[in-house]
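Visitor:
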Amino acid sequence: MDDLKYGKRNKRGDWAPDEPAGTAPLFTFPPRPLALLKWLPHYFLPYNLLFAVSAVAWWHFVLPDTEVMKTLSWGWIVRLFVVNCAALLLFFGAFEVRLYLLKTQGNRFKYNGKWPSEQKSKAFFFENQNLDNMLRTFGTGMPIWTAIEVAILYAYANGYVPWLTVAEHPVHLFCLALVVPIIHETHFFLLHRAIHWPPLYKWVHSVHHNSVNPSPWSSLSMHPVEQFGYLGVALWHLIIPSNPLLALYQLHYAGFGAIPGHVGFDKVELGEDTSIDSHAYIHYLHHKYFEVNYGDGLIPFDRWLGTFHDGSKEGEARMQARYEKKKARANADAGR
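Taking the numbering used here, the leading residue of the sequence shown gets 13, the next gets one more, and so forth.
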């Protein structure tokens, strides 16, 4: 595919789309029903449906019987951990191998013209972004992922929280399944905004932002505190009357779903004329500029709070104006 039909590349080799990034027409006033109907398939395809199907697959083929999950035993917990790691290795690894190792589409649609493997930094273990990211993902991320999963399943199996069944609560569970992405977006925005508070940023979130040029393995490369906070979105299903399958879907949506925002490419080519949109641009701009786009655009939190950057020159000007105001306030406080 010719990426210059869809965007522009600067002298550094960085590519940007012609169309400014937008937020979903889900929470707009006045309502835009036609735009909503046109966008609605993107709410489910391809990622949301994939993560829902993965949760069903785990429920039927990976998890043991409920009676087994009533007891915390190494057998089923270790098996679950191994399956989680293997699945993540295959899913994230497929993007990494195709786009970054084999470079099957070169730098077409790649936001940052440089490759992480060519950029050594002392901010990373062994000065290597990929090794650092993988060590953090599998060293702390996957144990935390599995621990949250086990805690949820154990609580449901022992009746510590209400287990709603589809037979008795079909409408409630159907509606709850539909809002899993909304729960994720709200949780993510609030957490993300909080860990940009300077003390938390310095000690926690800066680990993730070391990957200024993110790639697939950057997705869950975080400080353990952030990994727990991010993946802990599934714990809401211990508070909201729910079902363990939906809690699993919520966890998969967060865990596997971290990759679209970090893939580093605007489109993943499937053939000469076909591709899948990564929906990564909004979050890439956050990694590039740090203080914009704290959400992913499903809910326009950043538009409402004035921190949205759509990648355009106008967005750049708004960001710079906000920086100047922030600098002026800091100087005024310092002069008192």
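For glycine and all other residues, C-beta sits at the position ideal for the given N, C-alpha and C.
#1: Between Ala346, Asn255, Asn22 and Met331, which lies nearest to His181 when the distance is taken from Cα to Cα?
#2: Using a 10 Å radius around the Cβ and a threshold of 16 neighbouring Cβ atoms, would you call Gly269 buried or exposed?
#3: Taking just the CA atoms, how far does His221 sit from Phe302?
#4: Quick check on the burial criterion: 16 or more other C-beta atoms within 10 angstroms. Buried or exposed for Arg44?
#5: With distances taken Cα to Cα, identify the nearest neighbour of Gly283 among Ala36, Trp27, Arg120 and Phe93.
#6: Would you check if the region 47-57 and the region 243-250 touch, i.e. whether three or more CB-CB distances between them fall below 8 Å?
#7: When you compare each of Thr116, Asp14, Thr149 and Trp70 to Pro236 by their alpha carbons, which one comes out closest?
#8: Within 10 angstroms of the Cβ of Lys337, are there 16 or more other Cβ atoms? Answer buried if so, exposed if not.
#9: Around the C-beta of Ile251, are 16 or more other C-beta atoms found within 10 angstroms, so that it is buried, or is it exposed?
#10: Would Thr78 and Ala169 qualify as a contact pair, given that the criterion is a beta-carbon distance under 7 Å?
#11: Would Arg24 and Gly125 be called neighbours here (beta carbons separated by less than 7 Å)?
#12: Would the beta-carbon of Trp157 fall within 7 Å of that of Gly267?
#13: Just to confirm, is the Cβ distance from Asp285 to Pro29 under 7 Å?
#14: Can Leu260 and Ala67 be called in contact, C-beta distance under 7 Å?
#15: Quick one, which of Leu190, Leu203, Ser287 and Arg205 has its alpha-carbon nearest Ala64's?
#16: With the cut-off set at 7 Å, would you say Val173 and Ile89 are in Cβ contact?
#17: Taking its Cβ as the centre, do 16 or more other Cβ atoms sit within 10 Å of Ser258, making it buried, or is it exposed?
#18: Which whole runs of the beta strand (DSSP E) in the region 242-314 are 3 residues long or more, in chain order?
#19: Roughly how many angstroms lie between the CA atoms of Val178 and Phe186, to the nearest whole one?
#20: Can you name the residues that DSSP bridges to Pro29?
#21: What separation, rounded to the nearest whole angstrom, lies between the Cα atoms of Tyr306 and Arg341?
#22: Could you compute how far the alpha carbon of Gly171 sits from the alpha carbon of Pro253?
#23: Trp175 bridges to which residues according to DSSP?
#24: Distance, Cα to Cα, Val280 vs Thr116?
#25: Buried or exposed for Ser85, going by 16 or more other Cβ atoms inside 10 Å?
#26: Exposed or buried, what is Asn343 when buried is set at 16 or more other beta-carbons lying within 10 Å of its beta-carbon?
#27: Hey, Asn145 and Trp229: beta-carbon distance below 7 Å or not?
#28: Check whether the region 195-209 and the region 104-113 are in contact - that is, three or more C-beta pairs closer than 8 Å.
#29: How far does the alpha helix (DSSP H) with Ser218 in it extend, from its first residue to its last?
#30: Shortest alpha-carbon distance to Lys20 belongs to which of Asn60, Phe39, Lys122 and Ala346?
Guide: Based on what the coordinates show:
#1: The sequence position of residue 181 within the sequence shown is 169, counting from 1. With distances taken between Cα atoms, His181 lies closest to Asn255.
#2: Here the question's residue 269 lines up with position 257 in the sequence shown. Buried.
#3: Translated into positions along the sequence shown, residue 302 becomes position 290. Translated into positions along the sequence shown, residue 221 becomes position 209. In a straight line, the C-alpha of Phe302 is about 8 Å away from that of His221.
#4: Taking the sequence shown and counting its residues from 1, one reaches residue 44 at position 32. Burial call: exposed.
#5: As a working note, residue 283 is residue 271 in the sequence shown. Out of Ala36, Trp27, Arg120 and Phe93, Arg120 has the C-alpha closest to the C-alpha of Gly283.
#6: Because the criterion of three Cβ pairs below 8 Å is not met, the region 243-250 and the region 47-57 do not touch.
#7: Counted from its first residue, the sequence shown places residue 236 at position 224. Scanning Thr116, Asp14, Thr149 and Trp70 for the CA closest to the CA of Pro236 turns up Thr149.
#8: Stepping through the sequence shown from its first residue, residue 337 is reached at position 325. So Lys337 ends up on the exposed side.
#9: Translated into the one-based positions of the sequence shown, residue 251 becomes position 239. Result: exposed.
#10: In the sequence shown, the residue the question calls residue 78 occupies position 66. In the sequence shown, the residue the question calls residue 169 occupies position 157. Yes, the pair counts as a contact, with Cβ atoms nearer than the cut-off.
#11: On the sequence shown, residue 24 is found 12 positions in, with the first residue counted as 1. On the sequence shown, residue 125 is found 113 positions in, with the first residue counted as 1. Yes, these two residues count as a Cβ contact at 7 Å.
#12: Within the sequence shown, numbered from 1, the residue matching residue 157 stands at position 145. Within the sequence shown, numbered from 1, the residue matching residue 267 stands at position 255. Their beta carbons are under 7 Å apart, which means Trp157 touches Gly267 by this criterion.
#13: The residue given as residue 285 occupies position 273 in the sequence shown. The residue given as residue 29 occupies position 17 in the sequence shown. Cβ atoms of Asp285 and Pro29: not closer than 7 Å.
#14: Position 248 of the sequence shown, counted from the first residue, corresponds to residue 260. Position 55 of the sequence shown, counted from the first residue, corresponds to residue 67. Contact: yes.
#15: Translated into the one-based positions of the sequence shown, residue 64 becomes position 52. For Ala64, the nearest C-alpha among the options comes from Leu190.
#16: Residue 173 sits at position 161 when you count from the first residue of the sequence shown. Residue 89 sits at position 77 when you count from the first residue of the sequence shown. Taking 7 Å as the cut-off, the Cβ atoms of Val173 and Ile89 do not count as close.
#17: The sequence position of residue 258 within the sequence shown is 246, counting from 1. At residue 258 the sequence reads Leu, which differs from the Ser that was named. Leu258 is buried by the Cβ-count criterion.
#18: When DSSP assignments are scanned along the region 242-314, the uninterrupted stretches of beta strand (DSSP E) that are 3 or more residues long and fall wholly within it turn out to be 279-281 and 287-289.
#19: On the sequence shown, residue 178 is found 166 positions in, with the first residue counted as 1. On the sequence shown, residue 186 is found 174 positions in, with the first residue counted as 1. Taking the CA atoms as reference points, Val178 sits about 8 Å from Phe186.
#20: Translated into positions along the sequence shown, residue 29 becomes position 17. Note: Pro29 sits in a beta bridge opposite Gly19.
#21: Stepping through the sequence shown from its first residue, residue 306 is reached at position 294. Stepping through the sequence shown from its first residue, residue 341 is reached at position 329. Distance between the alpha carbons of Tyr306 and Arg341 is about 22 Å.
#22: Counting from 1 along the sequence shown, the entry for residue 171 is found at position 159. Counting from 1 along the sequence shown, the entry for residue 253 is found at position 241. Cα to Cα, Gly171 sits roughly 12 Å from Pro253.
#23: Along the sequence shown, read from residue 1 onward, the residue named residue 175 stands at position 163. In the DSSP assignment, the residues bridged to Trp175 are Ser254.
#24: As a first step, residue 280 is located in the sequence shown; it is residue number 268 there, counting from the start. As a first step, residue 116 is located in the sequence shown; it is residue number 104 there, counting from the start. The straight-line gap from Cα to Cα measures roughly 10 Å.
#25: On the sequence shown, position 73 is the one that residue 85 refers to. Note on Ser85: under 16 other CB atoms within 10 angstroms of its CB, so exposed under the neighbour-count rule.
#26: Position 331 of the sequence shown, counted from the start, is the residue given in the question as residue 343. Under this definition Asn343 is an exposed residue.
#27: Reading the sequence shown from its first residue, position 133 is the one you call residue 145. Reading the sequence shown from its first residue, position 217 is the one you call residue 229. Cβ atoms of Asn145 and Trp229: closer than 7 Å.
#28: In short, these stretches do not touch, since the Cβ pair count stays below three.
#29: Taking the sequence shown and counting its residues from 1, the one referred to as residue 218 is at position 206. Here the alpha helix (DSSP H) through Ser218 covers Ser218 to His221.
#30: Your numbering for residue 20 matches position 8 in the sequence shown. Cα-wise, what sits closest to Lys20 is Lys122.
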